[in-house]
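These notes are about the structure you will find just below.
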Amino acid sequence: MRRVTLTDIFLHPITQKYLKRSGVAHAIATAYHAYRLALLYGVNVDLATKAALLHDIGHYEWYSNGTWDYETYKQNDIHAIKGAERAHKLLIRLGEHPQHAKEIALAILLHTDSYLPEGELKRKPLQTIVKLADEADEEPGGKHHYRQIDDELALKKIQQLDRMVEQQLQRNALDQIS
Numbered sequence: 000m001r002r003v004t005l006t007d008i009f010l011h012p013i014t015q016k017y018l019k020r021s022g023v024a025h026a027i028a029t030a031y032h033a034y035r036l037a038l039l040y041g042v043n044v045d046l047a048t049k050a051a052l053l054h055d056i057g058h059y060e061w062y063s064n065g066t067w068d069y070e071t072y073k074q075n076d077i078h079a080i081k082g083a084e085r086a087h088k089l090l091i092r093l094g095e096h097p098q099h100a101k102e103i104a105l106a107i108l109l110h111t112d113s114y115l116p117e118g119e120l121k122r123k124p125l126q127t128i129v130k131l132a133d134e135a136d137e138e139p140g141g142k143h144h145y146r147q148i149d150d151e152l153a154l155k156k157i158q159q160l161d162r163m164v165e166q167q168l169q170r171n172a173l174d175q176i177s
């Protein structure tokens, strides 16, 4: 049984503040990609969708003279570090299992290597899913962060994804009994 749903997370004021900064439509699309990929690779859909939804909550707004400065962002951003911290704190406050909160935070921390020194990073399956889900929704120049979605539609999509996750978790539980 899930302690915290995607809807619980989505409706929290902290989530709303930071998703509006980094792109609600992108966060939701990434969560849907994570669901699909988690099914494909046998990763926990609950953890994958939560990590994907929250993967960009550490973004800072890199503006120069009133316009988004994508190059400055790419050179100086460490949003995955801040996002992992914010997500962990939020999930613990909401009552998420501490081990799950940690796994989700680590997946957020490692969803991008834009801030890491050159070299190969060995990711766990959940971390790989979140990275792939984010990449599946990317647009050149960071435009994916600026797609718009109506608040009501966003909530409906989150609630629909919650139902899909719950159904999948129930199927998995039944499979374990059989």
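First residue of the sequence shown? That's 0 in numbering that gives the first Met the number 0, and the numbers climb one at a time after it.
By construction, the Cβ of each residue, glycine as well, lies at the ideal position given by its N, Cα and C atoms.
Here the structure is a predicted model, which is why all the values come from computation and not from measurement.
Cβ-based neighbour list, residue i, same chain, cut-off 6 Å, excluding 5 preceding and 5 following
i, result
"residue 17", "56"
"residue 178", "Residue 178 falls outside the range modelled here, since the chain spans only 0 to 177, and no answer is possible."
"residue 73", "none"
"residue 58", "20, 21, 78"
"residue 105", "none"
Identity of the residue in the options nearest residue i by Cα
i, options, result
"residue 9", "174, 155, 128, 130", "155"
"residue 125", "54, 14, 23", "54"
"residue 49", "39, 75, 110", "110"
"residue 20", "151, 123, 145", "145"
"residue 168", "38, 12, 27", "38"
"residue 170", "41, 24, 88", "41"
"residue 26", "100, 150, 88", "150"
"residue 32", "147, 134, 139", "134"
Nearest-angstrom Cβ-Cβ length linking residue i and residue j, presumed shorter than 8 Å
i, j, result
"residue 129", "residue 44", "Not confirmed; about 12 Å, so no contact."
"residue 160", "residue 34", "6 Å"
"residue 28", "residue 136", "4 Å"
"residue 52", "residue 30", "4 Å"
"residue 78", "residue 101", "That pair is no contact at about 19 Å."
"residue 108", "residue 83", "4 Å"
"residue 85", "residue 13", "7 Å"
Cut-off 7 Å between Cβ atoms - residues of its own chain near residue i, not counting five sequence neighbours on either side
i, result
"residue 3", "90, 93, 94, 95"
"residue 143", "22, 25, 136, 137"
"residue 99", "46"
"residue 11", "89, 93"
Opening and closing residue of the alpha helix (DSSP H) in which residue i lies
i, result
"residue 171", "150-176"
"residue 146", "Careful: residue 146 lies outside any alpha helix (DSSP H) and carries neither H nor E."
"residue 127", "124-135"
"residue 82", "78-93"
"residue 48", "44-53"
"residue 108", "97-108"
"residue 14", "12-21"
Near the ligand ATP: residue i beta-carbon under 7 Å from a heavy atom
i, result
"residue 57", "As for the ligand ATP, it is missing from this structure, which has no ligand bound."
Contacting residues, own chain, Cβ-Cβ under 8 Å from residue i (five flanking each side not counted)
i, result
"residue 120", "109, 112"
"residue 153", "9, 23, 24, 27"
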